Each structure stands twice: as C-alpha cells, then as structure tokens.
C-alpha cells in the first residue's frame, strides 16, 4: 500500500467515527487535527487515535491500554490481540463510557 492509499483509508475511518459521534445518543465530543482524533466521553476520559504513517498503522490509546492496528486483507486488525478495529472500538468505548456504544464501518 502506498502512503497515499494509507492516508485515504485512515481518513475514511476517522471521518466515519466523527460522523457517528455526531449521531450518538451518548454525549460524546471529539477534537481532530493533524492525523489525531480524540474521542471525549462524558466522564472526560478520552480515546485517542493517531496515524502512524511510516508503519501504515492506526494507533489507539484508551483509558486502559494502547493498540496498534494494521490492515490485513482489507480489515484493520490489532497486531497484538488480533481484535478487529470496529468491534474493539465498540467494546472499548462502551467500557470507557459505561454505556453501550456501537461503531460500524461505512
């Protein structure tokens, strides 16, 4: 994958999250700049996603730990746990918000 393809894919992931934050029934907020997306929860904790262009990864830091996702056969997979990105984000966000949050790929 080229850097250009990587940026297009990750930008689409982050835009999808931003759109779903706006539509969420949970009072979420976000800040986005320079390849970093911060999802802010009602309890003021955050999940931070950032681009890791040299590695073609998405790094995700939650209140509990950090994860590195890489594209495998068209699916973003955590290279440590094997978790799929959207399922992981749903579980991590629900745990952090103490409310059900469901993220879906568009």
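Numbering (the numbering used here), first residue to last: 25 to 130.
All residues carry an ideal CB built from backbone N, CA and C; glycine is no exception.
Values in this document were obtained by computation on a predicted structure and should not be read as measured data.
Given a threshold of 16 other Cβ atoms within 10 Å of its Cβ, counted over all protein chains shown, does residue 38 qualify as buried or as exposed?
Reading the chain shown from its first residue, position 14 is the one you call residue 38. Answer is buried; the Cβ neighbour count reaches 16.
Proximity of residue 77 and residue 30 at Cβ, strictly below 9 Å
Locating residue 77 in the chain shown gives position 53, where the first residue counts as 1. Locating residue 30 in the chain shown gives position 6, where the first residue counts as 1. In this structure, residue 30 lies closer than 9 Å to residue 77 by Cβ.
Under 9 Å between C-beta atoms of residue 66 and residue 107: Taking the chain shown and counting its residues from 1, one reaches residue 66 at position 42. Taking the chain shown and counting its residues from 1, one reaches residue 107 at position 83. No, the Cβ-Cβ distance between residue 66 and residue 107 is not below 9 Å.
CB contact below 9 Å: residue 35 versus chain C: Going by chain labels, chain C is absent from the structure shown, which holds only one protein chain.
N-terminal and C-terminal residue of the alpha helix (DSSP H) that residue 45 is part of: Numbered from 1 along the chain shown, position 21 holds the residue referred to as residue 45. 27 to 47 is the span of the alpha helix (DSSP H), which, as asked, contains residue 45.
Q: Would you mind reading off the limits of the alpha helix (DSSP H) that contains residue 96?
A: Residue numbering aside, residue 96 sits at position 72 when the chain shown is read from its first letter. Here residue 96 belongs to no alpha helix (DSSP H); instead the beta strand (DSSP E) covers 90 to 96.
Handout entry: Minimum length 3: unbroken beta strand (DSSP E) runs contained in the segment 51 to 126
Key = 53 to 57, 60 to 64, 70 to 76, 81 to 85, 90 to 96 and 99 to 102
Next item on the list: Measure from the alpha carbon of residue 82 to the alpha carbon of each residue in 103, 118, 55 and 88, then state which is nearest.
Entry: Counting from 1 along the chain shown, the entry for residue 82 is found at position 58. Out of 103, 118, 55 and 88, 103 has the C-alpha closest to the C-alpha of residue 82.
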